[in-house]
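Just so you know, the sequences run in chain order A and B.
Quick note, this note's numbering runs 61 ahead of the 1-based positions in the first sequence.
Quick note, this note's numbering runs 12 ahead of the 1-based positions in the second sequence.
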Amino acid sequence: MNIRMQFAKYGKMIYIGHLDVMRYFQKALRRAKVDMAFTQGFSPHPILSFAAPLGVGIESCGEYADLRVYRSDTTEAMTERLNAVMAEGIQVMDWRLLPEDAPNAMSSVAAADYMVTFRENAKIKQCSEWIKHYYTFIEQSSIATEKETKKGPKTVDIRPLILDNSLELKEDKEPALFFQLSAGSAGNLKPELILSAFYQYLGLPFQEEELRICRLETYTSAADSEGNTRLIPLREAGIPILQPLEEPGEEKEKNLP
Amino acid sequence: MITKRFEPAPVKQALSHEILMQIEKPARYLGNEINAACKDRKSVDISFCMCFPDVYEVGMSHLGIQILYDLFNRRADTFCDRVYSPWMDLDAILRREKIPLFAVESQDPVKSFDFLGITLQYEMCYTNILQILDLSGIPLRSCDRTMEDPFVIGGGPCTYNPEPIAPFFDLFYLGEGETQYDALMDAYKVWKASGKPRTAFLEMAAEIPGMYIPQFYDAVYHEDGTLASFTPNNPHASPTVRKEVVRDMTTAIYPEKPLVPHIRAIQDRVVLEIQRGCIRGCRFCQAGMIYRPVRERDEKRLEELAITMLDATGHDEISLSSLSSSDYSRLPELVDFLIGECSRRKVNISLPSLRIDAFSLDVMSKVQDVRKSSLTFAPEAGTQRMRDTINKGLTEEAILSGAGEAFESGWNRVKLYFMLGQPWETDEDREGIAGLCERIAERYYQVPKEQRNGKCQIVASTAFFVPKPFTPFQWAVMYTPQEYLGMAKTVNHAIREQLNQKSIRYDWHEAYVTVLEGVLARGDRRVADVIEAVYRKGEIYDAWTENFRYDVWVSAFEECGLSMDFYNRRQRREDELFPWDFIDTGVTKAFLLREWKKAGNAQTTYNCRQQCSGCGARKFGGGVCFEHSNAVC
């Protein structure tokens, strides 16, 4: 059976890169004694794939991975079991059963939510009117940006990839920028790129380190009963497991060497 | 759109986000590994910072640190944290921003710990020791330290000649760490409560077996530069210090929950130490002498450990560790167990240091893909005469029959390790390397074509030999870098003349580093000035070829008025007093000298299981010396 797992990444673990996170989960799933399916051959690997790579230094509570298992306890029991063997900074938030025909997490990514705040010594804070400028900036109908590609820098309009945005001001908190951005193979926009364009717009040198970025959710697009497509969190492609499940024995037999 | 804000609690970090984002692999400096102890420093009496003076991925792969880390943290009154050498990028930032070096788990300054324990695994890390001390704000020399500084303690194989780095350490622990650290920690608590000066603790330590306190000894030299005497100057210090030995490996502590790093370490697997020591007695090999006697760990205990460690780490590979796995008496039973357990768990097995024979080929074909793996032989020398000189009990017949069997079962890749520049070696021995490679290739092409797996690939590697203390070759003369390169050239020429030369690849190690290793391995206390001078010139990470600068070392030797040739090119007298002679490793100098002389006549010596040669290690009261028929001497 296929499982979709949701996890958060924060604290010291944000400095662990994508490939190391994949290796981390391979070991963590073994420590939690999850009954996983493996690839064939001399060095078998768990059948495990991740939705959208997260850049180093970025926090997230909307990370997803799919894996194949032979047996699963309830959603609650599995998240508890996994969190018992996690390092501080990675937390499993959900564990759901995917329908057999569901596309995998990586290919189904369509959009992601982000929150961007500014760290203590951010240069932007010296620009008293930056919020006013931000509204003008984000409301432009097109935002031309230099993007590094394999063939060298290229000018692209990133505005169509910004699906939604807002700026939140709360008395006790630093202002926060929220974005819903197109993600996946159809068009992928990282919030850093918007901010770099905004810094340029303000005439400030851009330093990514002064941003604090958090991915809040990753979405896939799904058709509703009327045939309209809408975005749903990747988690909602699966269903919570309320009773322990076991795959029919044969498949397990087949997998043995 | 957005459903929630996500606000995890802030964590304690010695480095800012900005710095962490600028450096390579920030996870090197953050701790938080799986199975980390994470104790609260306020709740313990003793804080010990364990250091591996090289980059994190190397240090995390070291078994010894994992054992000691576990040993210390089992004590409720002690917290053991870790520190590794900051890589060049962070080194520059720490100096520029004046950030003191910190331990990875607590993120507290190294200087705030009670102890800084540094493991000494290879000579070329010596400048990194000074980097650690300097970045921590600890005076480089023991004599300049105060009550504000931790006690700096050294351990590991290089302490079998600690003299070149002696002034940088307050004390050295000689031998295996499992036995006396408890006594040392208990003594520390008593001293801490007493309020007495630093020397008082070192005097207490000097009374504990295995502890060597450099400042309690005076070295006097002859006019020719050789050592005249080496004597204690403090009544608490004894003239000789005997290495510590674990008598029973089965009951000795072992890290059942080893640390698992989040970035890939060199050794990214469960390591099962099956035995300590080696029965073989190769005359160039320091490990084969200083870890005597051979002691095996009980097979049932190893089975338990394998299961516990795989469960606790989630590693997908397990490796046996020993100097010569084939000599472990219950290897077939252990391997059988591992094959069963690991195939069920989908865990890979890695079996290094196996002698190639029918048994090992059968096992290897079960645990790895034959087409992708290679056979490894370590003949160490090209002719039988030379292999007898070094007492390497491996014959050409054994190599050819092992390789032949392997070729018939589908292998086609062979790796061969040799050494160049050993005593009594001639050009004939060097050319012999080529001949041996050729005969292996010929053996491959005797296999019927349909049974072969494409072309045969032979890789021969040579390392230049460095004589080490406490080996029969400790009297040997070394060569100049040019001479070493000439030897490699001889081998290369001879290989290029072989019929099957296209199937043979040859590579050789750095000659200049070899010369330095030689000086640091057999140097005396005066060499410490050179190491400090080189460090002051900005050199670190000498073990990394791209950072090693021979000319800087040469000029430092000149400035300090010392000569590399004195340490490398001089024929040492048989009765010369060596700087390391105050250490008692069990193996006697008389035995080593006997072996040195036998080497000159190309006479071999039996291994410990064939017949006892009376090396002296029997006095430790355990291991192979007490196996059934070994009651001689």
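C-beta: ideal position from N, C-alpha, C; glycine also.
Keep in mind it's a predicted model, so treat the numbers as computed, not measured.
Listing by chain order, which chain A residues have their CB less than 7 Å from the CB of residue i?
| i | result |
| --- | --- |
| residue 424(B) | Residues of chain A passing the Cβ test: none, with the nearest at roughly 17 Å. |
| residue 479(B) | Simply none; closest approach about 40 Å. |
| residue 431(B) | Within 7 Å Cβ-Cβ: nothing; residue 431(B) doesn't reach chain A, min ~33 Å. |
| residue 272(B) | 88 |
| residue 115(B) | Going along chain A, no residue has its Cβ under 7 Å from residue 115(B), so there is no contact; the nearest lies around 14 Å. |
| residue 267(B) | In chain order: nothing, as chain A lies at least about 16 Å away. |
| residue 38(B) | 76 |
Could you spell out where the beta strand (DSSP E) holding residue i opens and where it closes?
| i | result |
| --- | --- |
| residue 174(A) | 170-179 |
| residue 290(A) | 290-294 |
| residue 360(B) | 360-362 |
| residue 506(B) | That residue, residue 506(B), is in no beta strand (DSSP E); its alpha helix (DSSP H) goes 493-508. |
| residue 391(B) | 387-392 |
| residue 152(A) | 151-159 |
Cα-Cα, which of the options is closest to residue i?
| i | options | result |
| --- | --- | --- |
| residue 335(B) | 437(B), 304(B), 69(B), 561(B) | 304(B) |
| residue 3(B) | 188(B), 107(B), 252(B) | Shown here, chain B extends from 13 to 645; a query on residue 3(B) therefore has no answer. |
| residue 201(B) | 44(B), 213(B), 622(B), 33(B) | 213(B) |
| residue 171(A) | 290(A), 309(A), 231(A) | 290(A) |
| residue 115(B) | 157(B), 29(B), 612(B), 40(B) | 40(B) |
| residue 5(B) | 625(B), 620(B), 626(B) | With chain B represented from 13 up to 645, any question about residue 5(B) goes unanswered, as that position is not in the structure. |
| residue 355(B) | 329(B), 573(B), 364(B), 493(B) | 329(B) |
| residue 423(B) | 445(B), 465(B), 446(B) | 465(B) |
| residue 106(B) | 562(B), 272(B), 397(B), 121(B) | 121(B) |
| residue 29(B) | 293(A), 209(A), 179(A) | 179(A) |
| residue 176(A) | 70(A), 292(A), 277(A) | 277(A) |
| residue 324(B) | 201(A), 94(A), 267(A) | 94(A) |
| residue 153(B) | 126(B), 257(B), 540(B) | 540(B) |
| residue 208(A) | 257(A), 100(A), 121(A) | 257(A) |
| residue 139(A) | 156(A), 150(A), 146(A) | 156(A) |
| residue 216(A) | 193(A), 204(A), 226(A) | 204(A) |
| residue 291(B) | 623(B), 633(B), 632(B) | 623(B) |
| residue 447(B) | 550(B), 412(B), 417(B) | 412(B) |
List, in chain order, every chain B residue whose beta-carbon is nearer than 7 Å to that of residue i.
| i | result |
| --- | --- |
| residue 104(A) | 360 |
| residue 71(A) | 20 |
Under DSSP, the alpha helix (DSSP H) around residue i begins and ends at which residues?
| i | result |
| --- | --- |
| residue 344(B) | 343-357 |
| residue 276(B) | Per DSSP, residue 276(B) belongs to no alpha helix (DSSP H) and is neither H nor E. |
| residue 211(B) | 210-218 |
| residue 63(A) | First-last for residue 63(A): 63-70, but that is the beta strand (DSSP E), not the alpha helix (DSSP H). |
| residue 416(B) | 408-420 |
| residue 526(B) | 523-534 |
| residue 323(B) | 311-325 |
| residue 291(B) | From DSSP, residue 291(B) is part of no alpha helix (DSSP H); its letter is neither H nor E. |
| residue 607(B) | 601-612 |
| residue 472(B) | No alpha helix (DSSP H) holds residue 472(B); the beta strand (DSSP E) holding it covers 469-476. |
For residue i, which residues in chain A fall below 9 Å Cβ to Cβ?
| i | result |
| --- | --- |
| residue 30(B) | 180, 182, 268, 270, 271 |
| residue 44(B) | 72, 73, 74, 148, 149, 150 |
| residue 33(B) | 76, 117, 118, 269, 270 |
| residue 23(B) | 71, 72, 73, 149, 150 |
Please list the partners that residue i has in chain B, where partner means a Cβ-to-Cβ separation under 8 Å.
| i | result |
| --- | --- |
| residue 67(A) | Per Cβ cutoff of 8 Å: no residues; residue 67(A) is ~13 Å from chain B at best. |
| residue 99(A) | 358 |
Hey, would you say the C-beta of residue i is under 7 Å away from at least one heavy atom of the ligand SAH?
| i | result |
| --- | --- |
| residue 507(B) | This structure simply doesn't include the ligand SAH, nor any ligand for that matter. |
Q: Tell me the start and end of each unbroken beta strand (DSSP E) in the stretch 136-207 of chain B that is at least 3 residues and wholly inside, in chain order.
A: Contiguous beta strand (DSSP E) elements confined to the stretch 136-207 of chain B occur at 163-167, 183-185, taking only those with 3 or more residues.
**Q.** Ordered list of beta strand (DSSP E) runs contained in the stretch 166-245 of chain A, each at least 3 residues
**A.** Here the runs fully enclosed are 170-179, 205-210, 213-218, 223-229, 237-243.
Q: Can you give me, in chain order, the residues of the stretch 349-360 of chain B that have a beta carbon less than 7 Å from any beta carbon in chain A?
A: From the stretch 349-360 of chain B, only 355, 358, 360 have a Cβ closer than 7 Å to chain A.
Q: Could I get the ranges of all uninterrupted beta strand (DSSP E) runs contained in the stretch 57-143 of chain B, with 3 residues as the minimum, in chain order?
A: Within the stretch 57-143 of chain B, the complete beta strand (DSSP E) runs of at least 3 residues are 58-64, 90-96, 127-131.
Q | Runs of alpha helix (DSSP H) lying entirely within the stretch 426-464 of chain B, each at least 4 residues, in chain order | A | Uninterrupted alpha helix (DSSP H) stretches at least 4 residues long and entirely within the stretch 426-464 of chain B occur at 439-457, given in chain order.
Q) Just by C-beta distance, which residues in the stretch 148-160 of chain A are closer than 8 Å to chain B? A) The residues in question are 148, 149, 150.
(Q) Along the stretch 316-341 of chain B, where does the CB come closer than 9 Å to a CB of chain A? Name the residues. (A) Residues passing the 9 Å Cβ filter: 322, 323, 324, 325, 326, 327, 328, 329.
Q. Closer than 7 Å, Cβ to any Cβ of chain A: which residues of the stretch 363-386 of chain B, in chain order?
A. Going along the stretch 363-386 of chain B in chain order, one finds 380, 381 with a Cβ nearer than 7 Å to chain A.
Q.
Counting only Cβ-Cβ distances shorter than 9 Å, please list the residues of the stretch 276-305 of chain B near chain A, keeping chain order.
A. Cβ contacts with chain A: 276, 280.
Q | chain B contacts from the stretch 77-93 of chain A (Cβ-Cβ distance under 9 Å) | A | Within the stretch 77-93 of chain A, those residues whose Cβ lies closer than 9 Å to any Cβ of chain B are, in chain order, 77, 78, 80, 81, 82, 84, 85, 87, 88, 89, 90, 91, 92, 93.
Q: Please name the residues in the stretch 108-131 of chain A whose beta-carbon is closer than 9 Å to at least one beta-carbon of chain B, in chain order.
A: 117, 118, 120, 121, 122, 123: these are the residues of the stretch 108-131 of chain A whose beta carbon lies less than 9 Å from some beta carbon of chain B, given in chain order.
Q: Can you check the stretch 72-96 of chain A for any alpha helix (DSSP H) of at least 4 residues that lies completely inside it and give the ranges in chain order?
A: Runs of the alpha helix (DSSP H) lying entirely within the stretch 72-96 of chain A and spanning at least 4 residues, in chain order: 79-92.
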